[in-house]
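In this note's numbering, the protein residues as written are 753 to 1102.
So this is what it looks like as C-alpha cells:
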C-alpha cells in the first residue's frame, strides 16, 4: 500500500507538471480561437448590415436560466464535478456563447426578428444550435482556465467570477442592453385548460421536457457506467487515473455537457423569460440557493429544492414584490438550520 501510494503521488505530481507546462500553449490556442471566432462574428454582422445596439440580444437570459437548470440538475454550484470546487459564475461566462449564437441565428433590424427557427422552419434546430454553441464555449474555457486550478477552490471562484464580469460587460458593449422577447414556436402559442386553469402550451412543454431531462440525468448519474466513472473521478481522482480512466477527458466531457444543457434550456427559456442584460447574477443567486438547500451532490435534492425555491420565489414576487428576497431566504435559512447538509445532502465521510 505504501509503494502504491507513493506511485500514485508521483504520477499525480508528474500530471500536475505536465498540466502547468501545457497551460500556456492551451490558453494561447484557445484565446486565439475565441478571437478568430469573434472577428468572424463581427464580419458576419457587417454582412447582415446590423447596427450596433440593434443586433439581437442572443440567448443571454436564456443561457442564464438554462445555466440555472444545468447547475441544479447536475447538483454542483458551477456545473462541474469536484466535490470541493465552487465554480460559481457559469451563467456569466456562458452567456457569450448564447449571444454569438443568437446573433447568427436571430439577426435583428429595427422592425424584424429572424431566428434560426424562422430561417430553417425548425425550432428543434435552434435548440440544437444553442446546445452546441454553449458546449463549445464551455470546453474552451474549461481547457484554458479551469482545469489548471483544480486544487485551488478559492482561486477558481476568483477566476470564474472575474470571467463572469468581463464577459457580461463585453456582451453589453457589443450587443447593447435593449431587452428583447422571443416568440414561442407557432404550434405552442396557444393555451390549454388544465383543471379549470388556462395555461400556456409552451410552458407545459417546458415542464414536461424538464421532467424528462431530470429523470434522464438521474439514471445516467446513478444507474449507468458513465455515471459510475464520473463518480469515481469525483471521489478519488488519483485512483481513477490509476485504473486507466482519463480523468481530464471525463471532467471536460461533463463540463461540456453542463454547458450544452445550459444552451439547450436557454433557447427553450427565452420565449418565457425574455432577453436582457443583468440577470445572470440573479440566476446565480437562485442557483446557489437551489444547490445548497437541495444538498451539494444530490440530484434528487436539487430537483426538490428547485421546485420549492421556484414556488417560493414566484409567490413572494407576486404577493410581496418589495419583500421578494425576504420571502425567499427566510425559508431557506430555516431549512439550513434544521438540515445543515441540505434536504437530501449526504454527510461526507473522512
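Heads up, the beta-carbon is just placed ideally off N, CA and C, and yes, glycines get one too. Model, not experiment: these values are computed from the prediction.
C-alpha gap between residue i and residue j, whole angstroms
i            : j            : result
residue 1045 : residue 1036 : 14 Å
residue 936  : residue 876  : 12 Å
residue 963  : residue 1052 : 12 Å
residue 1092 : residue 1002 : 30 Å
residue 973  : residue 987  : 14 Å
residue 914  : residue 1070 : 33 Å
residue 956  : residue 1017 : 14 Å
residue 979  : residue 999  : 13 Å
residue 1097 : residue 1049 : 7 Å
residue 1073 : residue 896  : 41 Å
residue 995  : residue 985  : 10 Å
residue 919  : residue 977  : 36 Å
residue 911  : residue 1034 : 19 Å
residue 1081 : residue 943  : 33 Å
residue 865  : residue 969  : For residue 865, the pLDDT reaches just 36, beneath the cut-off of 50, and the residue's location in the model is therefore unreliable, leaving the point undetermined.
residue 879  : residue 966  : 17 Å
residue 1084 : residue 928  : 35 Å
residue 1022 : residue 991  : 42 Å
residue 948  : residue 892  : 48 Å
residue 945  : residue 917  : 43 Å
residue 884  : residue 950  : 34 Å
residue 888  : residue 1006 : 12 Å
residue 1087 : residue 926  : 42 Å
residue 1024 : residue 906  : 35 Å
residue 924  : residue 1015 : 19 Å
residue 1060 : residue 975  : 26 Å
residue 971  : residue 938  : 33 Å
Residue i - partner residues in DSSP beta bridges
i           : result
residue 946 : 949
residue 889 : Residue 889 is not bridged to any residue.
Residue range of the unbroken alpha helix (DSSP H) whose run includes residue i
i            : result
residue 1085 : 1076-1090
residue 1055 : 1051-1071
residue 1180 : No information on residue 1180 is available, as it lies outside the stretch 753 to 1102 that the chain covers here.
residue 1016 : 999-1025
Rounded Cβ spacing between residue i and residue j (contact assumed at less than 8 Å)
i            : j            : result
residue 1079 : residue 1062 : That pair is no contact at about 13 Å.
residue 1008 : residue 890  : 5 Å
residue 1054 : residue 886  : About 20 Å; that fails the 8 Å criterion.
residue 961  : residue 1020 : 7 Å
residue 1047 : residue 1094 : 3 Å
residue 940  : residue 954  : 4 Å
residue 1004 : residue 894  : 6 Å
residue 1042 : residue 1057 : 5 Å
residue 981  : residue 958  : Contact doesn't hold; Cβ gap of about 31 Å is too wide.
residue 931  : residue 1028 : 4 Å
Residue i: CB within 7 Å of a non-hydrogen atom of the ligand GTP
i           : result
residue 945 : The model depicted lacks the ligand GTP and carries no ligand whatsoever.
Let me know the alpha helix (DSSP H) ranges lying completely inside the stretch 905-933, each 4 residues or longer, listed in chain order. 905-927
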